[in-house]
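Residue numbers (the working numbering), protein chains in the order written: chain X, 1 to 337; chain P, 338 to 585. Just so it is clear, CB atoms sit at the ideal spot from N, CA and C, and this is done for glycine as well. What follows is a single structure, written as structure tokens, with notes after it.
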Amino acid sequence: MGLGRLGLLFGLAFTAAVLLGPVALRPWDLAAHPAAGPILLELRLPRAVLAATVGAALAVAGVLLQAILRNPLADPALLGVSGGAALGAALVLALGITLPTALAFGSTSAFLPFMPVAGAAFAGALLAVSLVLRLGRRAQRLDLAGVLLAGVAVNTLCGAAVGLLMVLAGDSALRSISFWLFGSLAQASWSHLAPLLLGLPIALYATRRWGTALDVYQLGDREATHHGLPVGRLQRQALLLASLLTALAVALAGIIGFIGLLVPQGLALVLGPSYRHRLPQAALAGATLLLLADLGARLALAPTELPVGMLTALLGGPFFLWLLRRRLAGGGTEGGP
Amino acid sequence: MSPSLTLENIWVAGERAPRLGPLSLTLPAGQRILLAGPNGAGKSTLLAVLSGDLEGSGGTLTWPPSSAWAQRRAVLTQRNTLDHPFTAEEVVCLAGVSGATARAVLEELGAGAWAQTPYTRLSGGLARLVHLARVLAHLDQLDPTAAWGFFDEPLAHLDWRYAGAALRALSRRAAAGYGVVVAAHELNLAVPWAEHVVLLCAGRLEAEGAVGAVLTPDRLAEHWGISGHVDRRDEGAVLILEGFTEAG
Chain X
1 MGLGRLGLLF GLAFTAAVLL GPVALRPWDL AAHPAAGPIL LELRLPRAVL AATVGAALAV
61 AGVLLQAILR NPLADPALLG VSGGAALGAA LVLALGITLP TALAFGSTSA FLPFMPVAGA
121 AFAGALLAVS LVLRLGRRAQ RLDLAGVLLA GVAVNTLCGA AVGLLMVLAG DSALRSISFW
181 LFGSLAQASW SHLAPLLLGL PIALYATRRW GTALDVYQLG DREATHHGLP VGRLQRQALL
241 LASLLTALAV ALAGIIGFIG LLVPQGLALV LGPSYRHRLP QAALAGATLL LLADLGARLA
301 LAPTELPVGM LTALLGGPFF LWLLRRRLAG GGTEGGP
Chain P
338 MSPSLTLENI WVAGERAPRL GPLSLTLPAG QRILLAGPNG AGKSTLLAVL SGDLEGSGGT
398 LTWPPSSAWA QRRAVLTQRN TLDHPFTAEE VVCLAGVSGA TARAVLEELG AGAWAQTPYT
458 RLSGGLARLV HLARVLAHLD QLDPTAAWGF FDEPLAHLDW RYAGAALRAL SRRAAAGYGV
518 VVAAHELNLA VPWAEHVVLL CAGRLEAEGA VGAVLTPDRL AEHWGISGHV DRRDEGAVLI
578 LEGFTEAG
């Protein structure tokens, strides 16, 4: 099973993320280094925890969406979550509803000024997803194709509105909006980690028995019902949870693409199609991936930071294509007797 | 043995005429029941009502189980939309059984060699057989004195060897006491198998009873456009097909 190895990889990535940076810390001279304590506790540790939880939340949301929509291409962006969050955040940034100092993203000191952006992103995400789920409903039941189409439409609409805001906004607002759209973990601080730190374990605990149900669910609504699965309830709970996780992640770190799509797919290619242990696996793999991506974003052009969302796409895209090619190339030989 | 299953004046509304019924019918458990009728006769609608998928517009059913439905019936639907690369064995395991049990049921259907093949790579007939194995594995876990199995076209797309294995597997469940209802168009294969035939036409109950009494030459000609008859032999009934009539 993959959980042990994934846990080991996660541990290594987390350690590297804490120790490496513009100032490299070696375990043996931590005590001697004068700034080691503050760097570790105030900068590196909260940032690593934020990266791990955001990565885990996005990957778990991706697994839930792909399983429930029975579509391997489903991605948190598809439900309108990311678009709604972006619109909420862009509105606040464009209207300048924060204290001026918070407009410069990357201010690590301020929790309160950051709140309006995160709050608006969260609200926008929930508004968008509730609109999508309402539009995709037919006769009290969710119509999955309808949900997908409504999600794409709402996402596009939000994207257009964000574009309009960027045209109308002043230079500094424009800069902070576009920075936010690429995603960043630079604003990490202990205080606003709280929602994700509470939300993620609750979500993982709530879904601890969902693995087998998600497998049976793949049979189709009718067949799954025949096996005793409460299909409607599973759909509602999973979509709600995926939306909440994405909304939290986007509110705290901006839009970080590819993790929700890449992690579930990569795990399926390497570990097989069953969802039995997929949710904890995805949490570990998503956390590892974002830790490494953020490490890369900090180190590549240090001391300048790259937007981490850009890096996940730059690294994730080719890796994904490589996995895909490997599977397609091996596909012909695998048949039965 | 499961108690028999009685429908009284059950009907299902359609756009103009009722899709089904009203019909009254008693299905005996522990027998091999064949649900016959031309395309569009209402066989799948009746099975959907019996499975609890579809609520009748009126009438009573002695069947709605007081306990959980999943504990009282297993259902093979006519179409399956599964498109996830589980192996054949993993698909059968979705019924809640171990890998060893899943392989045993696949063996019983003659498909043991395909257990580790990804479901999405199987031919249409073998994919159907895997779903039949899943439903049989579900039924086998239920109480033979209370549970029913409903099978919508379990023989479709199967060659004769697999169809024979499927029919023998269904016979074993009926002999164990389960209620077994099979809707099928392959009358040549199903007639020797069936003990009790329910004939539906245009949503109505046309006849029910022993094979020879229900599938008369007149009905074969009227509903299927064939000239033929059911020949009673020592080893069971056989459908003799002589040709197609113009009518029907």
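#### Entry: Which residues DSSP lists as bridging Asp171 (chain X), in chain order
Looking at the DSSP assignment, Asp171 (chain X) forms no beta bridge with any residue, so it has no partner.
#### Entry: Within chain P, the residues that Gln265 (chain X) reaches when beta carbons sit closer than 8 Å
The premise fails here: Gln265 (chain X) is roughly 12 Å from chain P at the closest Cβ pair, so nothing lies under 8 Å.
### Task
Please list the residues of the segment 225 to 248 of chain X that have a C-beta atom closer than 7 Å to any C-beta atom in chain P, keeping them in chain order.
Listed by position along the chain: His226, His227, Gly228.
### Query
Which stretch, first to last residue, makes up the beta strand (DSSP E) that contains Leu357 (chain P)?
Here the beta strand (DSSP E) through Leu357 (chain P) covers 357 to 364.
### Task
With a floor of 4 residues, list each alpha helix (DSSP H) that falls wholly inside the segment 21 to 86 of chain X, ordered by position along the chain.
Counting only runs of 4 or more, we get 45 to 68.
#### Entry: Per-residue DSSP class, three states only, for Ala188 (chain X)
The answer is coil: DSSP assigns Ala188 (chain X) none of H, G, I, E or B.
### Cross-chain neighbours of His475 (chain P) in chain X, by beta carbon under 8 Å
The contacting residues are His226, His227.
### Message
Can you give me the C-alpha to C-alpha distance between Ala329 (chain X) and Pro76 (chain X), rounded to a whole angstrom?
### Response
Spanning the alpha carbons of Ala329 (chain X) and Pro76 (chain X) requires a straight line of approximately 29 Å.
### Message
Please report the distance separating the alpha-carbon of Glu345 (chain P) from that of Leu126 (chain X).
### Response
Approximately 49 Å, taken between the alpha carbons.
### Task
Taking 8 Å as the cut-off, decide whether the C-beta atoms of Leu537 (chain P) and Gly379 (chain P) are in contact.
Yes. Within cutoff.
#### Entry: Secondary structure of Pro375 (chain P), DSSP reduced to three states
In the three-state reduction of the DSSP assignment, Pro375 (chain P) falls in the coil class.
### Query
Terminal residues of the continuous beta strand (DSSP E) containing Trp561 (chain P)?
Premise fails: Trp561 (chain P) lies in the alpha helix (DSSP H), 554 to 561, not in any beta strand (DSSP E).
#### Entry: Own chain partners of Glu22 (chain X) with C-beta closer than 6 Å, once the 5 adjacent residues on each side are dropped
According to the sequence shown, residue 22 (chain X) is Pro rather than Glu. The answer, listed in chain order, is Ala302, Pro303.
### Query
Does any C-beta atom of chain X lie closer than 8 Å to the C-beta of Ala405 (chain P)?
Between Ala405 (chain P) and chain X, the shortest Cβ-Cβ separation is below 8 Å.
### Task
Buried or exposed for Trp497 (chain P), please, with buried defined as at least 16 other CB atoms from any protein chain shown within 10 angstroms of its CB.
The residue in question, Trp497 (chain P), is exposed, as its Cβ has fewer than 16 Cβ neighbours within 10 Å.
### Query
Does the separation of the CB atoms of Leu78 (chain X) and Leu65 (chain X) fall below 8 Å?
Contact: yes.
### Task
Quickly, what does DSSP pair Gly486 (chain P) with across the bridge? List them, please.
Under the DSSP definition of a beta bridge, Gly486 (chain P) partners with P:Ala411, P:Val517.
### Query
How many Å lie between Gly377 (chain P) and Glu444 (chain P) at the Cα?
If you draw a straight line from the Cα of Gly377 (chain P) to the Cα of Glu444 (chain P), it comes to about 34 Å.
#### Entry: Selection from P:Leu419, P:Gly462, P:Gly461 that minimises the alpha carbon distance to Ile68 (chain X)
From the listed residues P:Leu419, P:Gly462, P:Gly461, the smallest Cα separation to Ile68 (chain X) is found for P:Leu419.
### Query
In the structure shown, what three-state DSSP assignment does Ala574 (chain P) receive?
In the displayed model, Ala574 (chain P) falls within a strand according to three-state DSSP.
### Task
Ignore the nearest five residues each way along the sequence and tell me which others in Leu214 (chain X)'s own chain have a CB closer than 7 Å to its CB.
Ala67, Tyr275.
### Query
What is the DSSP secondary structure of Val216 (chain X), counted as helix, strand or coil?
Reduced to three states, the DSSP call for Val216 (chain X) is helix.
### Task
Could you name the residues of chain X that Glu427 (chain P) contacts, counting a contact when the two beta carbons are closer than 9 Å?
Chain-ordered, the chain X residues with CB closer than 9 Å to the CB of Glu427 (chain P) read Asp215, Gly272, Pro273, Ser274.
### Query
In the segment 384 to 456 of chain P, which residue ranges form an unbroken alpha helix (DSSP H) of at least 4 residues, counting only runs that do not cross its ends?
Complete alpha helix (DSSP H) runs here, min 4: 425 to 430, 436 to 445.
#### Entry: Start and end residues, beta strand (DSSP E) containing Thr225 (chain X)
Not the beta strand (DSSP E): Thr225 (chain X) falls in the alpha helix (DSSP H), residues 221 to 226.
### Task
Give the DSSP-derived three-state secondary structure of Asp480 (chain P) in the structure shown.
DSSP places Asp480 (chain P) in coil when its eight states are reduced to three.
### Task
Check the Cβ of His494 (chain P) against every Cβ in chain X and list those closer than 9 Å, keeping chain order.
Result: empty, since nearest Cβ-Cβ is about 17 Å, beyond 9 Å.
### Query
Is the segment 263 to 275 of chain X touching the segment 407 to 424 of chain P, taking contact as three or more C-beta pairs under 8 Å?
Contact between the segment 263 to 275 of chain X and the segment 407 to 424 of chain P is present, because at least three Cβ pairs lie under 8 Å.
### Coil, strand or helix - His522 (chain P) by DSSP
His522 (chain P) falls in the coil class under three-state DSSP.
### Task
May I have the straight-line CA-CA distance separating Leu495 (chain P) from Ala52 (chain X), to the nearest angstrom?
Rounded to the nearest angstrom, the two C-alpha atoms are 51 Å apart.
### Message
Please state the DSSP three-state secondary structure of Ser243 (chain X).
### Response
DSSP places Ser243 (chain X) within a helical segment (H, G or I) once states are collapsed to three.
### Query
Taking a cut of 8 Å between CB atoms, which residues from the segment 374 to 398 of chain P lie near chain X?
Answer set for the segment 374 to 398 of chain P: Ser388, Asp390.
### Message
Can you check whether the C-beta of Asp571 (chain P) is within less than 8 Å of a C-beta belonging to chain X?
### Response
Residue-level contact check: Asp571 (chain P) does not touch chain X, since none of the beta carbons of chain X fall below 8 Å from its beta carbon.
#### Entry: C-alpha gap between Gly228 (chain X) and Ala161 (chain X), whole angstroms
Rounded to whole angstroms, Gly228 (chain X) to Ala161 (chain X) spans 44 Å at the Cα level.
### Task
Would you mind stating whether Ala128 (chain X) and Gly159 (chain X) have Cβ atoms separated by less than 8 Å?
It is not a contact, given that the beta carbons lie outside the stated cut-off.
### Message
For chain X, check one thing: does any of its Cβ atoms lie closer than 8 Å to the Cβ of Val519 (chain P)?
### Response
Not an interface residue.
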